[in-house]
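Beneath this line is the structure, given in structure tokens, with notes to follow.
There are 4 protein chains.
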Amino acid sequence: MVSEFHYRRRVEFADTDLAGIMHFARFFVFMETAEHEFLRSFGTSVSTTFEDNKIGWPRLTASAEYIRPLKFEDVVDIYLFVDRKGQKSLSYKFVFEHDGELVARGEMASACCICNPGEAIRAITIPPELAEQIEEYRAE
Amino acid sequence: MVSEFHYRRRVEFADTDLAGIMHFARFFVFMETAEHEFLRSFGTSVSTTFEDNKIGWPRLTASAEYIRPLKFEDVVDIYLFVDRKGQKSLSYKFVFEHDGELVARGEMASACCICNPGEAIRAITIPPELAEQIEEYRAE
Amino acid sequence: MVSEFHYRRRVEFADTDLAGIMHFARFFVFMETAEHEFLRSFGTSVSTTFEDNKIGWPRLTASAEYIRPLKFEDVVDIYLFVDRKGQKSLSYKFVFEHDGELVARGEMASACCICNPGEAIRAITIPPELAEQIEEYRAE
Amino acid sequence: MVSEFHYRRRVEFADTDLAGIMHFARFFVFMETAEHEFLRSFGTSVSTTFEDNKIGWPRLTASAEYIRPLKFEDVVDIYLFVDRKGQKSLSYKFVFEHDGELVARGEMASACCICNPGEAIRAITIPPELAEQIEEYRAE
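Chains as they are written, first to last, in this note's numbering: chain A, 82 to 221; chain B, 82 to 221; chain C, 82 to 221; chain D, 82 to 221.
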């Protein structure tokens, strides 16, 4: 069972804005990429099929708190924690660090949905193969 | 004194992702653009100078709650409300609608800062010319 | 028959990078949006169906030549010209101006394709309803 | 002397669009990141100082030719080649491959410029420390 993940990436030029720092909306893309690397780390993906249906994870909520700015070429450590495993949804918490200093915190919640082309999106119980691999993070 | 603003834009192709809907991080760019149009609507900008200093508004927090997906070419009505006018910060609330239906809600808080190139960013009292024009939104 | 189009938009904060100017890749998004506004201007869309197939326009080529930088809040006039109407493809030229001064030039070519989910993308003859409305631009 | 570079990255969710493939403008961001990784590989950066001036590399031209679509989670090999080393500019060619198959080709040219805040951008001769490390690629 997995409940946390570490992902590292570098701030790219296109992530910055005229203030010379990483644009605040890009933190959400970094969270999402950490989430997807987390899912790949145990052999699954955010974009899968289950019983011939296309499974996706539309966002329910997303938030960020910004502590320090990130600059171009900064290497960022993103720590993902499974905050809540619901029957039909998953919530993550994120901590961003640069050189060991706290940069930002984030949260994201997503619903497990059938997303077949041409059909209305509908929430479903998380497929057992996935649910069995993830557990909520418990700090010691 | 202004406390609310309406801004309308269309979902562009580059706003969408493979799920066929607007990517969740783009809602934050839409909020930001609404904020900047709001500031322009009474003659100022998010990027100004005050007493020879470059003023910027780094984000403190940002959040979104997603109710319904937005699709390519959807016209979105974004309603901005000044939620809190602090001495050194501003908080906004946002409501996203499409065809009169609620699509998403958002919040953003920013600190008024001196952002001179090569100097550390530092928070300041909102310049009076700006503070005098904005008031907190009070629902009737 | 239409062969040219004018589209105006403003450089947003998220379009800029740490150099303080519009990021060079964003010019391609601006060209694309001009193309889509052009198609909407005579009642169609880049994303349509034809004889029960989903029609899309994957890019064949795209290029830009940068003359002057664009800054945050600059209003940009984008002039689109139909450069070539092939049997299965369309090529556009773009001119970017700010305050009447040339900022950039661009080109984009796209193939008309059936893009049904789960099928390989394949090029088709441009549907006659569309082809009949567009003609190549001829400078007087 | 270096003249070529290999850089690998994965297509992220936010790189895709509703057509289910990587958005054509994102190829330019991938080229740019390859360029910046190339510069870092021999100890410099696209964003440096030289004799107390801030050096930047505004784009002169950029182009791409699209052969096959890239999908979410595809691993992309990007091969960079120094195509021309001018006195004040550098041109690169790029080849994109996925699983050994050609996906796209690209080109980018940039001018070496002094980009001090508040001053007009002006082209300069490439600083010798940089020019001495790069040479044009010559296929055997």
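For every residue, glycine included, the Cβ atom is placed at its ideal position computed from N, Cα and C.
Identify the continuous beta strand (DSSP E) that holds residue 146/C and give its terminal residues.
140-147
Cutoff 9 Å: residue 129/D Cβ touching any chain C Cβ
Chain C, which has no Cβ nearer than 9 Å to the Cβ of residue 129/D, makes this no.
Less than 9 Å separating the beta-carbons of residue 144/B and residue 189/B?
yes
Is residue 82/C helix, strand or coil when you go by DSSP?
coil
Near residue 207/D, what residues of its chain come up, given a Cβ to Cβ distance below 6 Å and the 5 sequence neighbours on each side ignored?
Taking C-beta separations shorter than 6 Å and ignoring five residues to either side along the sequence, the partners of residue 207/D in its chain run 193, following chain order.
Can you tell me whether residue 108/C is helix, strand or coil according to DSSP?
helix
Rounding to the nearest angstrom, what Cα-Cα distance links residue 210/B and residue 116/B in this structure?
Roughly 17 Å separates the two Cα atoms.
What does residue 101/D touch in chain B if you count any residue whose Cβ is under 7 Å from its own?
99
Are any of the Cβ atoms in chain D nearer than 9 Å to that of residue 144/C?
yes
Taking only the alpha-carbon atoms, compute the straight-line gap between residue 199/C and residue 86/C and give it to the nearest angstrom.
34 Å
When you compare the CB positions of residue 89/B and residue 158/B, do they come within less than 9 Å of one another, or not?
yes
Give me the Cα-Cα distance between residue 140/C and residue 131/B, rounded to the nearest whole angstrom.
Between residue 140/C and residue 131/B, the C-alpha separation is close to 45 Å.
Proximal residues of chain A, C-beta to C-beta of residue 104/C below 7 Å
Neighbours of residue 104/C on chain A, chain order: 95.
Starting from residue 210/D, follow the alpha helix (DSSP H) in both directions and report where the run begins and ends.
209-212
Completely contained alpha helix (DSSP H) runs for the segment 150-177 of chain D, where each covers 4 or more residues:
Runs of the alpha helix (DSSP H) inside the segment 150-177 of chain D: none found.
Would you list the one or two residues that DSSP bridges to residue 137/D?
Answer is 194/D.
Among 186/C, 205/C, 155/C, 103/C, nearest to residue 146/C - alpha-carbon criterion:
186/C
Can you find a CB in chain A that lies within less than 9 Å of the CB of residue 208/C?
no
So is residue 121/A in contact with chain B if we call contact Cβ pairs under 9 Å?
no
Tell me whether residue 125/C sits in a helix, a strand or coil according to DSSP, three-state version.
coil
Out of 137/B, 163/B, 95/B, state which residue places its alpha-carbon closest to the alpha-carbon of residue 175/B.
163/B
If the criterion is Cβ atoms closer than 9 Å, does the pair residue 220/B and residue 113/C meet it?
The Cβ atoms of residue 220/B and residue 113/C do not sit closer than 9 Å to each other.
Where does residue 95/D fall in DSSP's three states?
helix
C-alpha distance - residue 169/B paired with residue 124/B, whole-angstrom precision
20 Å
Taking just the CA atoms, how far does residue 172/A sit from residue 183/A?
21 Å
Residue 156/D, buried or exposed, once every other Cβ within 10 Å from all chains shown has been counted against 16:
exposed
Can you tell me whether DSSP reads residue 130/D as helix, strand or coil?
strand
Any idea what DSSP makes of residue 185/C, helix, strand or coil?
Here residue 185/C carries a strand assignment [DSSP, helix/strand/coil].
Please name the residue, chosen from 91/D, 153/D, 181/D, 178/D, that lies closest to residue 99/D on a Cα-to-Cα basis.
153/D
Interface residues of chain A facing residue 139/C [CB-CB closer than 7 Å]
Under the 7 Å cutoff, chain A gives no residues; its nearest Cβ is about 18 Å from residue 139/C.
Measure the alpha-carbon distance for residue 105/B versus residue 151/C and round it to whole angstroms.
C-alpha of residue 105/B to C-alpha of residue 151/C: approximately 27 Å in a straight line.
Here's the rule: buried if 16 or more other CB atoms are within 10 angstroms of the residue's CB, otherwise exposed. What is residue 126/A?
exposed
Pairwise C-alpha distance: residue 137/D and residue 191/A:
40 Å
Where residue 115/C falls: helix, strand or coil (DSSP)
Residue 115/C: helix per DSSP, three-state reduction.
What residues from chain A crowd round residue 202/B, counting only those whose CB sits closer than 8 Å?
150
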